[in-house]
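Below: the structure, in structure tokens.
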Amino acid sequence: MDVKLLRIDSRLVHGQVANNWAGSLGAEAILAVSDGAANDELRKTLMLQTGGGKVKVHVLGVEKAARVYKNPKYETLKAVIVVETPADIVRLLDLGVEAKEVNVGGMTFKQGTSQVSQAVYASPADVEAFKEIDSRGIKQYIQQVPSTASSDLMGALKEKGLL
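Here the sequence shown is numbered in full-length UniProt numbering, starting from 1 and rising by one per residue.
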């Protein structure tokens, strides 16, 4: 699979992902990777409608997404992979998905999280997952849409006193 973008976004598929990222990168498909969403018919139905015909949206659990990634049938598929949490990235990596970089686009506020940037809030468990991804030599950066500047995630975590 030709992964054009590996992104963390707690909302998974929405206009920024479907229109801005997938469109600007020439992606043919968006893989929304979430065990919770894959097992929730309402969420799945709403996300499947987001692609708008231009880009095909697939909602998959983490293990199935890793199998699809490794399937030779999809070797030339240009895809954006979006997950809800950094722990999902670690699981994908453990299952053989390769990555050079991870875009952290949006992680919504929840109880027990700290603000890292305008659109990114992280829990202590998220920070541990980011550290694991970093230890594997994978660059992580914060960027909401392609037209905005990116910033280094690990630097932002240090600046906020989370590392």
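Beta carbons: idealized from backbone N, C-alpha and C, even for Gly.
These numbers come from a predicted model, not from an experiment.
Check: Whose C-beta lies closer than 8 Å to the C-beta of Glu28 among residues of the same chain, with five residues either side of it excluded?
Finding: If we look at Glu28 and ignore the five residues flanking it on each side, its Cβ neighbours are Val55, Lys56, Leu77, Lys78, Ala79.
Checklist line | N- and C-terminal bounds of the alpha helix (DSSP H) containing Val68 | finding: Unbroken alpha helix (DSSP H) run through Val68: 62-70.
Next item on the list: Please report the Cβ distance between Ala129 and Pro86, rounded to the nearest whole angstrom; I am assuming they are in contact, meaning their Cβ atoms lie under 8 Å.
Entry: Ala129 to Pro86, Cβ: 4 Å. Contact.
Next item on the list: With DSSP collapsed to three states, give me the class of Leu6.
Entry: Leu6 falls in the strand class under three-state DSSP.
Item checked: Buried or exposed by the 16-neighbour rule on C-beta atoms within 10 Å, applied to Asp9 -> Residue burial annotation: Asp9 is buried, with at least 16 other C-beta atoms found within 10 angstroms of its C-beta.
Notebook entry, point to check: At what residues does the beta strand (DSSP E) containing Val83 begin and finish?
Noted result: Taken as a continuous stretch (DSSP letters only), the beta strand (DSSP E) holding Val83 covers 78-83.
Next item on the list: Determine the DSSP secondary structure at Glu101, reduced to helix, strand or coil.
Entry: Reduced to three states, the DSSP call for Glu101 is strand.
Notebook entry, point to check: With 16 other CB atoms within 10 Å as the buried threshold, where does Glu159 fall?
Noted result: Glu159 should be labelled exposed.
Next item on the list: Would you mind working out which of Ala119, Arg43, Asp40 sits nearest Thr148, comparing C-alpha positions?
Entry: Taking only the C-alpha atoms, the option nearest Thr148 is Ala119.
Note to self: Let's see if you can read the secondary structure: which residues bound the beta strand (DSSP E) around Ala37?
What the structure shows: The continuous stretches of beta strand (DSSP E) do not include Ala37, which lies in the alpha helix (DSSP H) extending over residues 35-38.
Check: In angstroms, rounded to a whole number, what distance separates the CA positions of His14 and Met47?
Finding: Their Cα atoms are separated by approximately 7 Å.
Next item on the list: Return the residue from the list Gly112, Arg11, Asn39, Leu5 that minimises the CA-CA distance to Leu25.
Entry: If we check each option's Cα against that of Leu25, Leu5 comes out closest.
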